[in-house]
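J.:
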Amino acid sequence: MVDQHCHGVRRDDPPRSGFEQLVAEGGAPAPPGTTHFDTPAGAAIRRWCAPVLGLEPHASAAVYLSRRTELGAAEVNRRLLRGAGVSAFLVDTGPEAPDLLGPAEMGRLGGAVADEIVRLEQVERDVAEAGLPAVDYAGALRDELAARAARAAGLKTVAAHRRWPGSDPSRPSRGSVIAAAGRRLADPKARLADPVLVRHLLWAAADVARERSLPIQIHTADPAGLTGFVLALAPLGVPVVLVHCYPCHREAAYLASVFPHVYVDAGLAVALTGAGSAHILRELLELAPFHKQMYGSGCHGAAELCYLAALYHRRGLARLLAGRIAEGEWSVSDAARIAHMIGSANARRVYRL
Amino acid sequence: MVDQHCHGVRRDDPPRSGFEQLVAEGGAPAPPGTTHFDTPAGAAIRRWCAPVLGLEPHASAAVYLSRRTELGAAEVNRRLLRGAGVSAFLVDTGPEAPDLLGPAEMGRLGGAVADEIVRLEQVERDVAEAGLPAVDYAGALRDELAARAARAAGLKTVAAHRRWPGSDPSRPSRGSVIAAAGRRLADPKARLADPVLVRHLLWAAADVARERSLPIQIHTADPAGLTGFVLALAPLGVPVVLVHCYPCHREAAYLASVFPHVYVDAGLAVALTGAGSAHILRELLELAPFHKQMYGSGCHGAAELCYLAALYHRRGLARLLAGRIAEGEWSVSDAARIAHMIGSANARRVYRL
Amino acid sequence: MVDQHCHGVRRDDPPRSGFEQLVAEGGAPAPPGTTHFDTPAGAAIRRWCAPVLGLEPHASAAVYLSRRTELGAAEVNRRLLRGAGVSAFLVDTGPEAPDLLGPAEMGRLGGAVADEIVRLEQVERDVAEAGLPAVDYAGALRDELAARAARAAGLKTVAAHRRWPGSDPSRPSRGSVIAAAGRRLADPKARLADPVLVRHLLWAAADVARERSLPIQIHTADPAGLTGFVLALAPLGVPVVLVHCYPCHREAAYLASVFPHVYVDAGLAVALTGAGSAHILRELLELAPFHKQMYGSGCHGAAELCYLAALYHRRGLARLLAGRIAEGEWSVSDAARIAHMIGSANARRVYRL
């Protein structure tokens, strides 16, 4: 199986509060009197990860965390990453974070090969912090993107996560980029938010992706709002992979069904919804072409999420396919081929692994 | 069970057309040649409420309404409210309506304690109709909100129901409020729609809620559109309960999973979807932390909706939890604790009952 | 069964690439190395249409297409259209296309009666291309709409497909229409996109629909965004049928539950999702009044889609209703009546067939 979309996990063993924040969507502490273990992901960790650490299923949170500390982070990560049964990790190296494992380490611990996915916003920030004049911003960004892309399996953006910036999907003019870069360079540590510069970054990335035949992953909570940009990208032939779209995954699946260059994964929602995740897989499989879906755990920080995503992907898809076979809808060989396409073949084709 | 979000039911026995409008979402008459009994809620009333009135399941609409009249509204309300098995009602007293039972009456008929939820728009309207100069509007609103909140368990707004007014979530300036109040006071009977005054009302309510440690219920059909406001509220520590979010309940559950101060209920959708409601509960339980979900019937006007919401909540959740146990996903004690949290414990904690 | 919303199917036998594009949502070719048969619709064609052509279930795509050519388009269309078991087709005659069967031909091959649904955008284009002065545009459009409506069972628009144009649902002023018509008439072959003219077209159609008691079908991917227009139409008493709303069909069902003049169908999503379609029907049936749902295949180009939509509608609804009966939720006669309303009675009433 190819995990086409993940992040590094923590190399150290965080204290309870830190661990809880790793396994919650927003990364904030649980309100007083509550715990993030009281979530579908928390219940799934106690059920499925506990045995991987040698505990009974449904071990309490306290027992689980104590055992985690006892084994040590390296052993826990090794067991969970290897247990995920992934043969290739594509790792978004995101913001530099020395406490997270890099791609090579993820691969080594997980018994898999590993490649890098370049986070566009990190490249942009590196360029913005370099202290260039505004007129050189676009060129430096282009060069740095090309250099980073040369060693990577794909690119990824999070800047349009909530919505596409503004109403215009098109490539901004050179003049508007220089003007916006002037403002940007005055505060390079801020999060990239200027609509002109976000659009410029995505179009610059599209150029590099086309040159190197790399896909672009777009983390989005509003796939329908991306339609204009996705349509504008179509002539370039750059594959676009919509990731982390829950709860708008059906909209993403719809785009994948309409546009030849659009792909989709279920992302972190599988691990976070745990026992309920089969319905998300079902909804993706409802309309998205079988050759357009991929497996991506979207995991970040905790190896538990990587393990759970793989486990629930396999279980959910297996149950779904068995149901289709039992109803006489799909043949056994259809079902096997569909599982293979989604689990690895599509990613191998699109990322040219 | 705590019904953390309901309205009073009619104290009289309405004629058929009036009853039909009570049990339909929009409150409009059914088109000629049709009946609102031909809905999921109508079928559920005939199935489940008929036996409470001493009829066979699936009694016809005519038989049901005739029996309703025979028993009289007081007896029907007593049977249905008591049958709901609720130990505490939190009653949105909304627009004043002498034909609806107040909180104390709801409690007495239902064999429960009852508290008031203050409808912000009603307080604002009372202030707007008082004939003050515009410069005194904000102060009078603040004072009246504080006075009403002193006797209440929470606050509720419906003004941002369809969408957040404008693109700015922040507290409006004093000057802009005075200017808008001048226009408002010229037509105080109109529905509050001015974006500045809606934002002002919500921020004034947030101040009062913080002072008194009360939650604010937000009735919304666009939870994702509230993200900016919800984020801006976070530093105040005021709990926000998103109610009536169907069909965007997954977006609401997502917000509840990301923001420590956000809670969610399934609202009136449970009673209105009847036989299909288990899927809505399943979708809420998919991602929302167990300590962030509450039971709220959202019922209004007809005691049938109060009864059906409680019945389908119990049945749907029981079946869902039994399924999780059977699959080995959750332990029996996990399931019991989850049912307890959602049914009452979360509401008791957040509303400090 | 009444198929209240379909298009003509191809009268000829397209080559493989052409056939694949007919059965894919966007009409684009599959990416290199993939095939549109690797979709839920493709699998459903191999499973269910193959036997109609005398093949084994799950026949390969190559075998299927070869058999299709062998039988010839007329025989294939006859078998599939007749196999759909439809007694009346309402055919959107859309853009003129000599390679598609017209309503009379659809009826003859399908053993059914057939009526026309007038595509508003085609009427508008015919008027725009007639070379009139801008000041005569509105009058000519009104006359042409009335003439076309006189022979039709309903009207249909696709111009607001992605979203309502602008923020104003109201009827545009005469002056603004003349100004916009001036620009329009300079490029009459372009797709109608001007917000003023789109709104004008829909309001002109609403006038005609009211005069002739015809419904208007609105193809929309954003039903919630239509709320303002739908509300503004209410006083006219013109039925509005929301079609092709997937994946926002729950929003459409919500509107159908709130507004007395709004109806909904599941559209092409049933055929395109195939084995997964029962969940879409379930979600529509969740809230929409039983007297507000209709069957409409939304099929276009390939008779396979017409056949599959009817087959999955029947199977999905039958299973759903059987489940409701088994759970004791609905009586057997309730279930039969609901199937009858959705399958044909509602369409016969609304379209006055």
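Protein chains in written order, with UniProt numbering: chain A, 1 to 353; chain B, 1 to 353; chain C, 1 to 353. The beta carbon of each residue, even a glycine, is placed where N, CA and C say it ideally should be. This one's a predicted model, so the numbers in the text were calculated from it and none came from an experiment.
Would you tell me roughly how many angstroms separate the C-alpha atoms of L255(C) and P247(B), rounded to the nearest one?
T.: L255(C) and P247(B): Cα-Cα distance of roughly 11 Å.
J.: Among D168(B), T157(B), C6(B), which residue has its Cα nearest to the Cα of P103(B)?
T.: Taking only the C-alpha atoms, the option nearest P103(B) is C6(B).
J.: In angstroms, rounded to a whole number, what distance separates the CA positions of P223(B) and E304(B)?
T.: Spanning the two alpha carbons is a distance of roughly 27 Å.
J.: Name, please, each residue of chain B whose Cβ falls closer than 8 Å to the Cβ of residue 362(A).
T.: Nothing in the structure corresponds to residue 362(A), since chain A is present only between 1 and 353.
J.: For a contact meaning CB atoms closer than 8 Å, what does R324(B) contact in chain A?
T.: Near R324(B) (Cβ distances below 8 Å), the residues of chain A are A275.
J.: Determine the burial state of D3(B): buried for a count of at least 16 other Cβ atoms within 10 Å of its Cβ, exposed for fewer.
T.: Buried, by the Cβ-count rule.
J.: For the segment 154–165 of chain B, which residues have a CB atom closer than 8 Å to at least one CB atom of chain A, in sequence order?
T.: From the segment 154–165 of chain B, no residue has a Cβ closer than 8 Å to chain A.
J.: Taking only beta-carbon positions, decide if residue 355(A) is within less than 8 Å of chain C.
T.: Because chain A is modelled from 1 through 353, residue 355(A) falls outside the range shown and cannot be assessed.
J.: H58(C) CB to nearest chain A CB: under 8 Å?
T.: Chain A, which has a Cβ nearer than 8 Å to the Cβ of H58(C), makes this yes.
J.: Locate the alpha helix (DSSP H) running through L313(A), then write down its first and last residues.
T.: One point to set straight first is that residue 313(A) is His, not Leu, in the sequence displayed. Run containing H313(A): 303–326, per the alpha helix (DSSP H) assignment.
J.: For the beta strand (DSSP E) that A256(B) lies in, which residues bound it at each end?
T.: A256(B) -> not in any beta strand (DSSP E); alpha helix (DSSP H) instead, spanning 249–258.
J.: Do the CB positions of F37(C) and R46(C) come within less than 8 Å of each other?
T.: Result yes, Cβ atoms of F37(C) and R46(C) sit closer than 8 Å.
J.: Show which residues of chain C have a CB atom less than 7 Å away from the CB atom of F290(A).
T.: Per Cβ cutoff of 7 Å: D38, T39.
J.: P31(B) CB to nearest chain C CB: under 8 Å?
T.: Answer yes: the Cβ-Cβ gap between P31(B) and chain C drops below 8 Å somewhere.
J.: For P188(B), which option in A345(B), E124(B), A140(B) has the closest C-alpha, if you only look at C-alpha atoms?
T.: Checked all of A345(B), E124(B), A140(B); the closest Cα to P188(B) is E124(B).
J.: Counting C-beta neighbours from all protein chains within 10 Å, is the total for S277(A) 16 or more, i.e. buried, or is it exposed?
T.: It counts as buried.
J.: Once you ignore the five residues that flank F138(C) on each side, which residues in its own chain have a CB closer than 6 Å to its CB?
T.: It should be noted that the sequence gives Ala, not Phe, for residue 138(C). Correct list, in chain order: V177.
J.: Can you list the residues of chain B that P247(A) reaches, using a CB-CB cut of under 7 Å?
T.: The contacting residues are R250, E251, Y254.
J.: Just the chain C side, please: which residues come within less than 9 Å of S167(A) by C-beta, in chain order?
T.: Result: empty, since nearest Cβ-Cβ is about 11 Å, beyond 9 Å.
J.: Consult DSSP for E116(A) and reduce its assignment to one of helix, strand or coil.
T.: Strand at E116(A).
J.: Could you work out which residues of chain C lie near P28(B), taking near to mean beta carbons separated by less than 9 Å?
T.: Before going on, a small fix: residue 28(B) reads as Ala here, not Pro. Within 9 Å Cβ-Cβ: A234, V258, F259, P260.
J.: Counting along the chain, where does the alpha helix (DSSP H) carrying T273(C) start and finish?
T.: Element bounds for T273(C): 269–273.
J.: Assuming the contact rule is C-beta atoms closer than 8 Å, A41(A) and G274(A) should be a hit. Round their C-beta distance to whole Å, please.
T.: Rounded, the Cβ-Cβ distance is 6 Å, consistent with contact.
J.: Just confirm the distance between the C-beta atoms of Y263(B) and P239(B), as a whole number of angstroms; I'd bet it's less than 8 Å.
T.: Confirmed, about 6 Å.
J.: Could you name the residues of chain C that S331(A) contacts, counting a contact when the two beta carbons are closer than 7 Å?
T.: In chain order: H58.
J.: With G154(C) as the anchor, note down where its beta strand (DSSP E) starts and where it stops.
T.: Counting along the chain, the beta strand (DSSP E) containing G154(C) begins and ends at 154–157.
J.: Counting contacts by CB-CB distance shorter than 8 Å, is D334(A) in contact with chain C?
T.: D334(A) counts as touching chain C.
J.: Could you tell me how far apart the beta carbons of R11(A) and L101(A) are, in whole angstroms, since I believe they sit closer than 8 Å?
T.: At roughly 5 Å, the Cβ-Cβ gap stays under 8 Å, so R11(A) and L101(A) are in contact.
J.: In or out: G131(B) buried (at least 16 other Cβ within 10 Å) or exposed?
T.: Label assigned to G131(B): exposed.
J.: Quick one: which chain C residues come within Cβ less than 7 Å of R212(A)?
T.: Going along chain C, no residue has its Cβ under 7 Å from R212(A), so there is no contact; the nearest lies around 18 Å.
J.: Have a look at V135(C) and I218(C) and give me their C-alpha separation to the nearest angstrom.
T.: Taking the straight line joining both Cα atoms gives about 28 Å.
J.: Select from L285(A), L226(A), M294(A) the residue whose C-alpha is nearest the C-alpha of R250(A).
T.: Considering only alpha carbons, the answer is L285(A).
J.: I'd like the span of the alpha helix (DSSP H) that includes H200(A), first residue to last.
T.: From DSSP, the alpha helix (DSSP H) with H200(A) extends over 195–212.
J.: Nearest to A128(C) by alpha carbon, out of L197(C), A205(C), L281(C), N346(C)?
T.: Here the closest residue by C-alpha is L197(C).
J.: Are the segment 282–302 of chain C and the segment 59–74 of chain C touching by the rule of at least three beta carbon pairs closer than 8 Å?
T.: Segments in contact, no.
J.: Compare the C-beta of R349(C) against all C-beta atoms of chain B and say whether one is closer than 8 Å.
T.: At least one chain B Cβ lies under 8 Å of R349(C).
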